[in-house]
């Protein structure tokens, strides 16, 4: 394909009619685990499925082009891609990660640190002074997640990457929430881009996969070789499904983020909602940065309302169009409760530091009609509106009792 093609065309057409055997328009699925040699010591382009596969290659090429990278490694999951990235640091090398990153990422990094395989520093990436202190302590790798999961915090990738590189650190950005349709971190200074291809790239909630895109071709080659060694390469079928899903990536993202903007505005105006986290709202603290470094605001959002566990439970179980489930980025709309689902392993103290409260709900907006999603939320929020005054009274009473007990001791 021509190098000057628009990204929408690359996503829709990469690999089309590339079948030299029969001229199939849709790329064939290559499930074979092994490939015949042409002769003694005459291997073809592929020899064994773990080491290489035409479907993985085609997906890696498409994704690298979309991200503006020099190469990509397709892995068996998003977490496998992150662990592959961790392998780039030296033994006991220092990694700086955001304080509000995905719970699975934090779990992996803490496990590696507990075994003294890495040194881990957790920091608010928007706190410049603290970040500089951590970077100057010999950091090898800085991990950025923007928008963050689940609070949709925005990090100025170009500014932070510049500081990290001045300190000698490589920069990796998890671009799962936006995909290359809306953000291209390598153009902003990143060395690596991480994806859970399970999410928007595939878009249909029927694949587990990951990818690590590199700005440097040698990095892609060495990481691909290591993925083969440790056996974390992705399956041919998942690669084939992901490339098929990517055909509609730009169309899906356009529709989903338009609906997300309507949902966010509805929630922002609802009496029962305390706070909405969506970068597309002008009131979002990262709105200006997001508008500058992204080509859209995405289809993920979260919000908070008054009330404790009973109210959260009532709201989630009242939803009819949204499905209560983990994951995101599919054509169906999902609701999640981070404190008991995606970020449960963080622990209450870590969640509190990160700002992830028990009354926080995360939404992944799908392709349903915006009116149906808003009606569903409105119905489920009805009991919350009625219970909110009582919940506020009970919370104030609880705090007053605590103050009185403290004054006695």
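In the working numbering, the protein residues as written are -12 to 396.
Beta carbons: idealized from backbone N, C-alpha and C, even for Gly.
- Boundaries of the beta strand (DSSP E) around residue 109: 105 to 110.
- Residue state for residue 361 is assigned as helix, using DSSP reduced to three classes.
- For the pair residue 40 and residue 236, the Cα-to-Cα distance works out to about 23 Å.
- DSSP places residue 371 in the helix class (H, G or I) of the three-state scheme.
- Look at the segment 250 to 331 and you find these whole runs of beta strand (DSSP E), each 3 residues long or longer: 260 to 264, 287 to 292, 321 to 323.
- Rounded to the nearest angstrom, the gap between the Cα atoms of residue 302 and residue 202 is 44 Å.
- Residue 141 is a Cβ neighbour of residue 273, given a cutoff of 7 Å.
- In the DSSP assignment, residue 70 falls within the alpha helix (DSSP H) that extends over 65 to 73.
- Secondary structure at residue 223: helix, using DSSP grouped into helix, strand and coil.
- For residue 347, the enclosing beta strand (DSSP E) stretches over residues 347 to 351.
- When DSSP states are grouped into helix, strand and coil, residue 47 belongs to the helix group.
- Judged by DSSP secondary structure, residue 217 falls within the alpha helix (DSSP H) whose first and last residues are 204 to 217.
- Nearest Cα to residue 208 within the set -9, 20, 60: 60.
- For the pair residue 368 and residue 259, the CB atoms are nearer than the 7 Å cut-off.
- Here residue 127 is not bridged, per DSSP, to any residue.
- Taking residue 318 as the centre and dropping the five residues before and after it, the same chain places the C-beta of 190, 191, 192, 239, 353, 354 closer than 8 Å to its C-beta, in chain order.
- The beta carbon of residue 86 sits closer than 7 Å to the beta carbons of 109, 110, 111, 340, 341 from its chain, once the five residues preceding and following it are set aside; these are given in chain order.
- With fewer than three CB-CB distances shorter than 8 Å, the segment 171 to 191 does not count as touching the segment 12 to 20.
- Across the structure, residue 325 and residue 347 are spaced so that their CA atoms are roughly 7 Å apart.
- A straight line joining the alpha-carbon of residue 349 with that of residue 155 spans about 36 Å.
- Here the alpha carbon of residue 98 sits roughly 20 Å from the alpha carbon of residue 327.
- Secondary structure note for residue 157: its beta strand (DSSP E) is the uninterrupted segment 157 to 161.
- Counting every other CB atom within 10 Å of its CB across the protein chains shown gives residue 20 a total below 16, marking it as exposed.
- Contact check for residue 248 against residue 263 fails: the beta carbons are separated by 7 Å or more.
- The Cβ-Cβ distance between residue 180 and residue 200 falls below 7 Å.
- Nearest Cα to residue 173 within the set 334, -11, 160, 31: 160.
- For residue 253, same chain residues with a beta-carbon under 6 Å away, outside a window of 5 residues either side, are 361 in chain order.
- Ranked by how close their Cα comes to the Cα of residue 36, the residues 332, 223, 309, 176 have 223 in first place.
- Excluding its 5 nearest sequence neighbours in each direction, residue 243 has C-beta neighbours in its own chain below 6 Å: 286, 352, listed in chain order.
- A direct Cα-Cα distance of roughly 27 Å separates residue 122 from residue 266.
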